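Top line first, the protein sequences correspond to chains A and B.
Those letters in the first sequence? Residues 49 to 309, per the working numbering, in order.
Those letters in the second sequence? Residues 1167 to 1807, per the working numbering, in order.
We treat Cβ as the ideally placed atom computed from N, Cα and C, and that holds for glycine.
None of the values given here were measured: they were computed from a predicted structure.
Just below is one structure, and these are the notes that go with it.
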Amino acid sequence: MAGGLTPASPVSPGAEDTQTAYIVMVVISLLLAIALVGGLLSAVRGRGAAPEPRRTRGTSSLQTRVAAGLSVLALIVFVFGIVMTESSSEVEGTGPDGLLTAQTDLQIPADAKPLNIRVSGQQWLWRYEYPDGTFSYYEMVVPVDTAVVLDIESIDVLHTWWVPALGGMADAVPGSSNKAWFKADETGSFEGTSTTFSGPGYPVMRARVTVVEPDEYQAWLGTQAEGIQEAQAAVKAAVEDGTAPGVELETGGDSGEEPTP
Amino acid sequence: MTPPLHTAGSHPEVVTELLDDGAGRSGSVQLATSGDHKAVGRMFIATALTFLAAAVTLLVAMRIQLIIPEATIIRPAIFDRLLSAYGVTSVLLFAVPLFLGLISHIVPLQIGARAVALPRVNALSYWTYLMGGLTIYGSFLWRPAEAGTFALLPLSDNVFSTSHGVDAWACGVGLVALAFVFFAVNMIATVRLNRAPGMVWRRVPLFSVAATIVSYTLLIIGPIMIAAVTMLFIDRNFDGIFYETGEGGAPLLYEHLAFIFFTGIYVVVIVSAMGAISEIFSTFSRQPHFGQRTIAGSMAAFAVLGVLAWMQNMYSAPIAAGFLYFTMLVALAAVIPAGLIIFNWIATLRGGSTSMRPPLTFALGAAVLIIIGLAGEWAQSVIPVGRQLDNTMVAWGDTHFALIGAGVLGGFAALYYWFPKITGRYMGASLARLSFGAIIGGTLLMVIPAQLAGLEGMPVDVYEYFSDTGMSFYNLLSSLGAFVLAAGVLLTLVNAAASYNNGTEAGPDAWGGDTLEWFALSPAPPHNFDLVPDVRSNEPYRDIREAVRRRSTDLQLPPARTESAPEPVAVAAGESVAEEQAASEPDPEAAAVEAEPEDGDTGAEQEFGGTSELDYPEGEEPASEADGGETEADEDDGPVA
Chain A
49 MAGGLTPASP
59 VSPGAEDTQT
69 AYIVMVVISL
79 LLAIALVGGL
89 LSAVRGRGAA
99 PEPRRTRGTS
109 SLQTRVAAGL
119 SVLALIVFVF
129 GIVMTESSSE
139 VEGTGPDGLL
149 TAQTDLQIPA
159 DAKPLNIRVS
169 GQQWLWRYEY
179 PDGTFSYYEM
189 VVPVDTAVVL
199 DIESIDVLHT
209 WWVPALGGMA
219 DAVPGSSNKA
229 WFKADETGSF
239 EGTSTTFSGP
249 GYPVMRARVT
259 VVEPDEYQAW
269 LGTQAEGIQE
279 AQAAVKAAVE
289 DGTAPGVELE
299 TGGDSGEEPT
309 P
Chain B
1167 MTPPLHTAGS
1177 HPEVVTELLD
1187 DGAGRSGSVQ
1197 LATSGDHKAV
1207 GRMFIATALT
1217 FLAAAVTLLV
1227 AMRIQLIIPE
1237 ATIIRPAIFD
1247 RLLSAYGVTS
1257 VLLFAVPLFL
1267 GLISHIVPLQ
1277 IGARAVALPR
1287 VNALSYWTYL
1297 MGGLTIYGSF
1307 LWRPAEAGTF
1317 ALLPLSDNVF
1327 STSHGVDAWA
1337 CGVGLVALAF
1347 VFFAVNMIAT
1357 VRLNRAPGMV
1367 WRRVPLFSVA
1377 ATIVSYTLLI
1387 IGPIMIAAVT
1397 MLFIDRNFDG
1407 IFYETGEGGA
1417 PLLYEHLAFI
1427 FFTGIYVVVI
1437 VSAMGAISEI
1447 FSTFSRQPHF
1457 GQRTIAGSMA
1467 AFAVLGVLAW
1477 MQNMYSAPIA
1487 AGFLYFTMLV
1497 ALAAVIPAGL
1507 IIFNWIATLR
1517 GGSTSMRPPL
1527 TFALGAAVLI
1537 IIGLAGEWAQ
1547 SVIPVGRQLD
1557 NTMVAWGDTH
1567 FALIGAGVLG
1577 GFAALYYWFP
1587 KITGRYMGAS
1597 LARLSFGAII
1607 GGTLLMVIPA
1617 QLAGLEGMPV
1627 DVYEYFSDTG
1637 MSFYNLLSSL
1647 GAFVLAAGVL
1657 LTLVNAAASY
1667 NNGTEAGPDA
1677 WGGDTLEWFA
1687 LSPAPPHNFD
1697 LVPDVRSNEP
1707 YRDIREAVRR
1717 RSTDLQLPPA
1727 RTESAPEPVA
1737 VAAGESVAEE
1747 QAASEPDPEA
1757 AAVEAEPEDG
1767 DTGAEQEFGG
1777 TSELDYPEGE
1787 EPASEADGGE
1797 TEADEDDGPV
1807 A
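Right, here's the structure in full:
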């Protein structure tokens, strides 16, 4: 999923900003590191034969000039960082090829029309809940060219939502909701993984986002909802028959209140 | 050994009270009960190096599991135990205590102190640290923590970690943090109260400045971690709700507190290494620091900015944008002090006459790895970049570059540099070269492929990865690198153990350094100095040599290189005193103390000891009264004889 020496080739505007920031920062810090390492190593090369040390000390004006140069560098990078952060976290409106009838409960400009999906982390699986109440595990299906806003939370321990091609990480923290967004430019499947240690099943806590055309998405939602209903009906029937393994039917009497001592 | 005693009278700089160094008790009991900062330092160093061996073993075991994808060599639960022990062992039990040991041993000598201000607190610090380490490793007898490097909540609470491993982890980390606080209290009191006459702040050597900064940092971050693990312990065992979601607590609170501490520890390791590297660069280029006050101020600024940037690893957490921008600002601003320090290192080396001895080799390697690691960390300080790379093997790699650079290479550089002062013997140079090559080669081979795997999307802390993700070859290379690194580390440990009793003997002034610790004998006696000189510049030992040379001009000393050739002077003085003493007072112990410099000359390096005692005319005893340390010895002879 990687693009050579950069993390995943981006397919979402936010991920493109991340990619830009990454390349700029790698170049700057690489140049800085090469200059400093080069300066250090060239300072000791061939000096062994020097008869006497020069015993030079720096003047404070020289030190001030070096500090000023570094300050300017830090300030430029800081401004650049703010611009890229703002730009990568600004939700872009759904495009003309996207799902124009997307449903949302978010108060977002009407022309944005984002698709709002609840992402819930649990040991060691992701659960996605779509606006119509349909849900799926591990694989999230979304329409192409549609702004997708994720509400990320956890029901147990810390997890991190991260699909590199679609943008940066967002932690799933129990008790608070985190936001992320993407708008996939192209169809396809994109792999992701959790990056916060969450216990013995942590390495298998992977995620996949499959981007499809809007009509395919609608069709998928339909079959997914049917499948869920069928499965739930089957389980309910099995429970009522008493044939479900490990499940005992609760009678009305003893459900609910616990006896108080 | 009975050091010479004096009543103070009109000589307040003369030792008046002998610290109880456990004399009369034997062997290990004497070492364990000693209040001597040098004994405490030696115990710190030995224990830290033992834990380094443990950390390397853990790393190798984890990398064996990661050689091939989907391996089942080590069970996931076992891997998680190794992982949970690795982080605290490598940083809390090795890197920081190694530097604390060196600080405890060397800093009082550097500032011309006869003892630390609170010797028992110093000893308490060591024993608390040891108990903390044993608590963490004791849990391996039953069932250790499996909650990851930082034991983040809620994974580490009693719902998800039911065994008492996390309790042992929390107690151990809390004890170690407490030990760091004890250490800091003593060291701050020592550098504030016990400096030699004339040793004003601008003349305090840079390693001692680093020690002061490190102590203040530990004093601030230590209690934070103690509070964090105490609340964790209460949550786990006494129904606390500090970190309980829905009860008014928050798991992120622990993450903040723990990251303040661990970010601070990262800063402590790097600042300690920067102090040691500065001293080594100055000594081995025979140059004064290009900007001593700039480096000192920059180290302080780096520590402040570094600790304030603790949220640099939390960009993906639900935190308001304003806090993240503040974090980005301070993290990016850290390039100013770090860049200034490295600029000053380059300038110090550039004009110098360098000699590539083991300490300089290790210090250069340390500087290079610190630069690479800090540059990578700096790039990740930009929020979108951090959100893409945090907690991947890229970030893991940058942390390992910086901490292997500062902790292992920087720590070893300091160890090679001060080993002659601590033991009176040099560490072997050929083993040092082998060890250095293996460590730097192994680190590059381990980290760079791991970072490429990180760019393929490999997260940290995983016990397996999958063959369809294209990281297999990178992980194979990375594991090979870890094995080479481990071999390199073990070579230096073997070198230290072998040289402790059998190394080439070193004189007091092993490398021609200009700071006061080289003015004391090697190893220094319990009271450190017979006489503490007045300090008149930031190169006090150089001043002493100059004074000796001025008073000896009528002896037609060779003009070149004598200023950096202290041994012959000291030897001539020491030898003559020893001879006098041997003639007048056949005390074998006193003779042994005074004869030390003579032995040192045989092991002293010719580069610094270009002249030998043979250059002096027969029968002349140059400068025996000019050399402060020996003047005191002369005075001793008075009452004895």
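Does any residue of chain B bring its CB to less than 9 Å from the CB of residue 289 (chain A)? Closer than 9 Å to the CB of residue 289 (chain A) there is not a single CB belonging to chain B.
How many angstroms separate the CA atom of residue 1627 (chain B) from the CA atom of residue 1323 (chain B)? One alpha carbon belongs to residue 1627 (chain B), the other to residue 1323 (chain B), and they sit about 19 Å apart.
Name, going along the chain, the residues of the stretch 232-248 of chain A whose beta-carbon falls closer than 9 Å to a beta-carbon of chain D. No chain D appears in this structure, whose protein chains are A and B.
Does any C-beta atom of chain B lie closer than 9 Å to the C-beta of residue 59 (chain A)? Not one chain B Cβ lies under 9 Å of residue 59 (chain A).
What is the DSSP secondary structure of residue 1551 (chain B), counted as helix, strand or coil? Helix, per DSSP.
Apart from the five residues just before and just after residue 1620 (chain B), which ones in its own chain have a Cβ nearer than 8 Å to its Cβ? A distance below 8 Å between beta-carbons, with the five flanking residues on each side excluded, links residue 1620 (chain B) to the following residues of its chain, in chain order: 1555, 1558, 1559, 1560, 1561, 1562, 1563.
Enumerated in chain order, which unbroken segments of the beta strand (DSSP E) with a length of 3 residues or greater are wholly contained in the stretch 181-238 of chain A? Entirely contained in the stretch 181-238 of chain A, the beta strand (DSSP E) runs reaching 3 residues are, in chain order, 183-185, 187-191, 196-202, 207-209, 218-220, 226-230.
Are the C-beta atoms of residue 1675 (chain B) and some chain A residue less than 9 Å apart? Put simply, the CB of residue 1675 (chain B) is far from chain A, with every gap to its CB atoms at 9 Å or more.
At the level of alpha carbons, what is the spacing between residue 290 (chain A) and residue 211 (chain A)? Computed Cα separation, rounded: 42 Å.
Rounded C-beta distance between residue 1226 (chain B) and residue 1713 (chain B)? I'm assuming under 8 Å. A Cβ-Cβ distance of about 53 Å is found for the pair residue 1226 (chain B) and residue 1713 (chain B), leaving them out of contact under the 8 Å criterion.
Using DSSP's beta-bridge definition, name the partner residues of residue 174 (chain A). DSSP lists A:169 as the beta-bridge partner residues of residue 174 (chain A).
Taking only the alpha-carbon atoms, compute the straight-line gap between residue 239 (chain A) and residue 63 (chain A) and give it to the nearest angstrom. Take the alpha-carbon of residue 239 (chain A) and the one of residue 63 (chain A): they are about 14 Å apart.
Taking all protein chains shown into account, decide if residue 1786 (chain B) is buried (16 or more other Cβ within 10 angstroms of its Cβ) or exposed. Residue confidence is low: residue 1786 (chain B) scores 38 on pLDDT, short of 50, so the model does not pin down where it sits. Its coordinate-derived value is still stated next. Answer is exposed; the Cβ neighbour count stays below 16.
By the 8 Å beta-carbon criterion, what residues does the stretch 1386-1416 of chain B contribute toward chain A? Residues of the stretch 1386-1416 of chain B that bring their beta carbon within less than 8 Å of a beta carbon in chain A comprise 1411, 1412, 1416, in sequence order.
Which term fits residue 231 (chain A), buried or exposed, when burial requires 16 or more other beta carbons within 10 angstroms of its beta carbon? The residue in question, residue 231 (chain A), is buried, as its Cβ has 16 or more Cβ neighbours within 10 Å.
Count the other C-beta atoms from every protein chain shown that fall within 10 angstroms of the C-beta of residue 1546 (chain B), then say buried if there are 16 or more, exposed otherwise. With 16 or more other Cβ atoms within 10 Å, it is buried.
Does the beta carbon of residue 126 (chain A) come closer than 9 Å to any beta carbon on chain B? Residue 126 (chain A) counts as touching chain B.
For the stretch 1470-1501 of chain B, which residues have a beta carbon sitting closer than 9 Å to at least one beta carbon of chain A? When CB distances to chain A are screened at a threshold of 9 Å, the residues of the stretch 1470-1501 of chain B falling below it are 1480, 1481, 1482, 1483, 1484, 1487, 1490, 1491, 1494, 1495, 1498, 1499, 1500, 1501, in chain order.
Start-end ranges of the beta strand (DSSP E) lying completely within the stretch 1517-1569 of chain B, minimum 3 residues: The stretch 1517-1569 of chain B contains no whole beta strand (DSSP E) run of 3 or more residues.
Taking only beta-carbon atoms, is residue 1545 (chain B) less than 9 Å away from chain A? Yes, its Cβ sits closer than 9 Å to a Cβ of chain A.
Quick check: is the beta carbon of residue 1629 (chain B) nearer than 9 Å to any beta carbon in chain A? It does; some Cβ of chain A falls within 9 Å.
Is the CB of residue 255 (chain A) under 9 Å away from at least one CB in chain B? Chain B places no beta carbon closer than 9 Å to that of residue 255 (chain A), leaving this residue out of the contacts.
Can you list the residues of chain B that residue 100 (chain A) reaches, using a CB-CB cut of under 7 Å? Close to residue 100 (chain A), with beta-carbon spacing below 7 Å, are these residues of chain B in chain order: 1519.
Just checking: is the beta-carbon of residue 1601 (chain B) within a distance shorter than 9 Å of some beta-carbon in chain A? Put simply, the CB of residue 1601 (chain B) is far from chain A, with every gap to its CB atoms at 9 Å or more.
Which complete beta strand (DSSP E) runs does the stretch 1345-1369 of chain B hold, if anything under 3 residues is left out? Restricted to the stretch 1345-1369 of chain B, not a single beta strand (DSSP E) segment is unbroken, complete and at least 3 residues in length.
Using the rule of at least 16 other Cβ atoms within 10 Å of the residue's Cβ for burial, across every protein chain shown, is residue 1414 (chain B) buried or exposed? It is exposed - the Cβ of residue 1414 (chain B) has fewer than 16 other Cβ atoms within 10 Å.
CB contact check: residue 1641 (chain B) to chain A, cutoff 9 Å: By this cut-off, residue 1641 (chain B) is not an interface position.
Supposed close pair residue 1693 (chain B), residue 1286 (chain B) - CB separation, criterion 8 Å: About 17 Å separates the two Cβ atoms, so there is no contact after all.
Leaving out five residues on either side along the sequence, give the residues of the same chain with a beta carbon under 6 Å from the beta carbon of residue 1706 (chain B). Same-chain partners within the cutoff: 1682.
How would you call residue 1199 (chain B), buried or exposed, if buried means at least 16 neighbouring beta carbons within 10 angstroms? Looking at its Cβ environment, which holds fewer than 16 other Cβ atoms inside 10 Å, residue 1199 (chain B) is exposed.
Between the stretch 1418-1436 of chain B and the stretch 57-73 of chain A, are three or more C-beta pairs nearer than 8 Å? No: fewer than three Cβ pairs fall under 8 Å.
Within 9 Å of any Cβ in chain B, is that where the Cβ of residue 130 (chain A) sits? At a cut-off of 9 Å between beta-carbon atoms, residue 130 (chain A) makes contact with chain B.
Are any of the Cβ atoms in chain A nearer than 9 Å to that of residue 1525 (chain B)? No, residue 1525 (chain B) lies away from the interface with chain A (no Cβ there is under 9 Å from its Cβ).
Closer than 9 Å, Cβ to Cβ, to anything on chain A: give me those residues from the stretch 1503-1514 of chain B, in chain order. Correct list: 1503, 1504, 1505, 1506, 1508, 1509, 1510, 1511, 1512, 1513, 1514.
Identify whether residue 1597 (chain B) lies in helix, strand or coil by the three-state DSSP scheme. Helix, per DSSP.
Given a cut-off of 9 Å, decide if residue 1517 (chain B) and residue 1453 (chain B) are closer than it, judged by their beta-carbon atoms. A contact, by the Cβ cut-off of 9 Å.
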